[in-house]
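Trainee: The structure that follows is given in the form of structure tokens.
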Amino acid sequence: MSLLDFARGPALEWAAVVFMVGMLWRIGGLTLMLRNKVLSKDRTPEPWKGGLRTMFTRFSPAPVFRRKVAFQYIAGWVWHLGFVLVVFFFQLHIQFFKGIVGFGWPALPNGMIVALGAVSLAVLITLLIRRVLNPVLRMISSFDDYASTVITALPFATGLMAFAHIGLAYETMLALHFLSVALLLVWFPFSKLFHVFTVLPSRYALGVKFWRKGVKV
Numbered sequence: 001m002s003l004l005d006f007a008r009g010p011a012l013e014w015a016a017v018v019f020m021v022g023m024l025w026r027i028g029g030l031t032l033m034l035r036n037k038v039l040s041k042d043r044t045p046e047p048w049k050g051g052l053r054t055m056f057t058r059f060s061p062a063p064v065f066r067r068k069v070a071f072q073y074i075a076g077w078v079w080h081l082g083f084v085l086v087v088f089f090f091q092l093h094i095q096f097f098k099g100i101v102g103f104g105w106p107a108l109p110n111g112m113i114v115a116l117g118a119v120s121l122a123v124l125i126t127l128l129i130r131r132v133l134n135p136v137l138r139m140i141s142s143f144d145d146y147a148s149t150v151i152t153a154l155p156f157a158t159g160l161m162a163f164a165h166i167g168l169a170y171e172t173m174l175a176l177h178f179l180s181v182a183l184l185l186v187w188f189p190f191s192k193l194f195h196v197f198t199v200l201p202s203r204y205a206l207g208v209k210f211w212r213k214g215v216k217v
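The sequence shown begins at 1 in our numbering and counts up by one.
Take a look at the structure:
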């Protein structure tokens, strides 16, 4: 078995298993922490409205902080948008997903995907450097923050290098790309990357909590 066969076969398959088990474990743990009984009377009726409101208002920073967090905010949007477009709208990725779900969808031009991938990788590297150099960010950062950034950047770096035939032989570079994706899948459920699945539910829960107390958020 070649490295490429291992990477796109057993490595990805076992990584997918770990990903699914990890996700079920994390989601199950959060579900068991839910408290169904409300311990105080709602000061504002229909608290679900506060939950829905908070889910969307938190997509932009509070006015008082906008100037200070503008770079982080814009960079975050660029990165997340680039991630979604590269992962789900690159022709080869669509073919991969088609083999799993049985159907495909329109792809973006390769040139656009390469540009988006390069910009996304540059944003990640910039944010990592900023985290290292900024004393406040460095103080509140943990190993998870650094590892998550590097592990997320690896599929972009190896994918771009494989597509452009830079560095090692194409088959080797492609194998490294698959292995980096496998690493990301294994790391994802047990790291801060899990926020992809909790960001909206946690905002909703926070909005409901404050709405019941009569606080507008």
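All C-beta atoms, glycine included, are put in the ideal place defined by N, C-alpha and C. On a predicted model such as this, the values are computed, not experimentally measured, just so you know.
Please confirm whether W211 and T57 have their CB atoms less than 7 Å apart.
Mentor: No. Outside cutoff.
Trainee: For F97 and R8, what's the separation of their Cα atoms in angstroms?
Mentor: Going by the C-alpha atoms only, they are around 13 Å apart.
Trainee: Identify the continuous alpha helix (DSSP H) that holds W48 and give its terminal residues.
Mentor: Start and end: 47-57.
Trainee: For K213, which residues of its own chain have a beta-carbon under 7 Å away from its beta-carbon, when the five flanking residues on both sides are left out?
Mentor: Answer for K213: R43, listed in chain order.
Trainee: Does DSSP put W211 in a helix, in a strand, or in coil?
Mentor: It is helical.
Trainee: Report yes or no: do the segment 164-179 and the segment 142-152 share at least 3 C-beta pairs separated by less than 8 Å?
Mentor: They do not touch, by the three-pair rule.
Trainee: Taking the alpha-carbon of Q91 as reference, which of F156, G76, N110 has the nearest alpha-carbon?
Mentor: Q91 has its Cα closest to that of N110, out of F156, G76, N110.
Trainee: How about V208 and P10: do their beta carbons lie closer than 7 Å?
Mentor: Going by C-beta atoms, V208 is not nearer than 7 Å to P10.
Trainee: Do you know how far the Cα of F194 is from the Cα of V123?
Mentor: Approximately 20 Å, taken between the alpha carbons.
Trainee: Are the CB atoms of S191 and D144 within a distance shorter than 7 Å?
Mentor: Yes, the Cβ-Cβ distance between D144 and S191 is below 7 Å.
Trainee: Using the Cα positions of G104 and T198, report the straight-line distance between them to the nearest angstrom.
Mentor: Spanning the two alpha carbons is a distance of roughly 27 Å.
Trainee: Where do the ends of the alpha helix (DSSP H) carrying M23 lie?
Mentor: Taken as a continuous stretch (DSSP letters only), the alpha helix (DSSP H) holding M23 covers 12-32.
Trainee: Check I166 in the structure and name its three-state DSSP category.
Mentor: Residue state, collapsed to three classes: coil.
Trainee: Quick test of your reading: L116 and G82, contact by CB under 8 Å. State the CB separation rounded to the nearest angstrom.
Mentor: Right, the Cβ-Cβ distance comes to about 5 Å (below 8 Å), so this counts as a contact.
Trainee: Within the present structure, is the beta-carbon of A75 separated from the nearest heavy atom of the ligand ATP by less than 6 Å?
Mentor: Annotation note on the ligand ATP: not contained in the displayed structure, which lists no ligands.
Trainee: Determine the extent of the alpha helix (DSSP H) in which S120 is found, giving its start and end residues.
Mentor: S120 -> alpha helix (DSSP H) spans 110-133.
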